[in-house]
Ligand code: MLT
């Protein structure tokens, strides 16, 4: 998968997954803000929809192509495992951060692959799949950044996602903001606080 890797000077790694229409450079600004000494791995989604990069196909806005979602979830998961070997990334110290479509595939990795990542930040996520058995996520610390007025990810869907993760014992922190589907500076500040509580930066 097309990606950027920058070697850092500490053992932590920030993994970034962009939103629809973005690419691997979109979220790089957060590296500086969150932990500029960490390794950085930022990946471009392999699906193109009308010229826009995505991590999996959808049937229409908000309706996912489940078969492709499952296929792409495994593809991305396998790529991250392979990259972690190639770049000597310690998975236990990897913090995966996804926005919108990137958050949705990250959520899908969690519900399909269990405790594979310990630290996951989902910015404006939706429920990736319903009616499947989800493994326990008791080793996973999850940050959710959500908009109370997000027209793409309605508040009720965020609440549904929170209760799904709570039901499988993940440690979850939620920051509600008022900037629609956008990542606000308030949200980034909450994300930095969450990160700093996980590690002593
Ligand atoms: C998705 O398709 O993953 C969601 O609708 C969010 C987005 O449009 O990227």
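Numbering (our numbering), first residue to last: 13 to 213.
Positions of the beta carbon are idealized from the N, C-alpha and C atoms, including for glycine.
Note that this is a predicted model, so its numbers are computed, not measured.
For residue 169: DSSP bridge partner residues: Note: residue 169 sits in no beta bridge, so no partner.
Tell me whether residue 168 counts as near the ligand MLT, meaning its Cβ is closer than 7 Å to at least one heavy atom of that ligand. Outside the cutoff, so no.
Host beta strand (DSSP E) of residue 42 (start-end): Residue 42 -> not in any beta strand (DSSP E); alpha helix (DSSP H) instead, spanning 41-47.
May I have all residues whose beta carbon comes closer than 7 Å to any heavy atom of the ligand MLT, sorted in chain order? Output, sorted by chain position: 31, 32, 66, 70, 73, 74, 76, 112, 113, 116, 138, 164.
Measure the CB-CB distance between residue 121 and residue 88 and report whether it falls below 8 Å. For residue 121 and residue 88, yes; Cβs fall inside 8 Å.
Since residue 29 and residue 110 are thought to touch, with beta carbons under 8 Å apart, how far apart are those beta carbons, to the nearest angstrom? Taking 8 Å as the upper bound for CB-CB distance, residue 29 and residue 110 are in contact here, some 4 Å apart.
How about residue 84 and residue 58: are their beta carbons less than 8 Å apart? Yes, the pair counts as a contact, with Cβ atoms nearer than the cut-off.
Looking at residue 81 and residue 68, is the spacing between their C-beta atoms short of 8 Å? For residue 68 and residue 81, yes; Cβs fall inside 8 Å.
Going residue by residue through the segment 119-143, where are the continuous beta strand (DSSP E) segments of at least 3 residues, counting only ones entirely within it? Runs found: 131-135.
Under a three-way DSSP split, which group does residue 113 fall into? Residue state, collapsed to three classes: helix.
Terminal residues of the continuous beta strand (DSSP E) containing residue 54? Annotation for residue 54: the continuous beta strand (DSSP E) segment containing it runs 51-55.
Are there three or more Cβ pairs, one per stretch, closer than 8 Å when the segment 96-104 is compared with the segment 14-27? Yes, they touch.
Looking at the unbroken beta strand (DSSP E) that takes in residue 200, where does it start and where does it end? Element bounds for residue 200: not the beta strand (DSSP E) but the alpha helix (DSSP H), 197-210.
According to the neighbour-count rule (16 or more other Cβ atoms, all chains shown, within 10 Å of its Cβ), is residue 157 buried or exposed? Of the residues assessed, residue 157 falls on the buried side of the cut-off, its CB having 16 or more other CB atoms within 10 angstroms.
Can you look up residue 73 in the DSSP assignment and give me helix, strand or coil? Looking at residue 73 - three-state DSSP - the assignment turns out to be coil, as it is neither helix nor strand.
Out of 139, 169, 177, point me to the one whose CA is closest to residue 150's CA. Considering only alpha carbons, the answer is 177.
How long is the line joining the alpha carbons of residue 63 and residue 34, rounded to whole angstroms? Rounded to whole angstroms, the gap between the alpha carbons of residue 63 and residue 34 is 10 Å.
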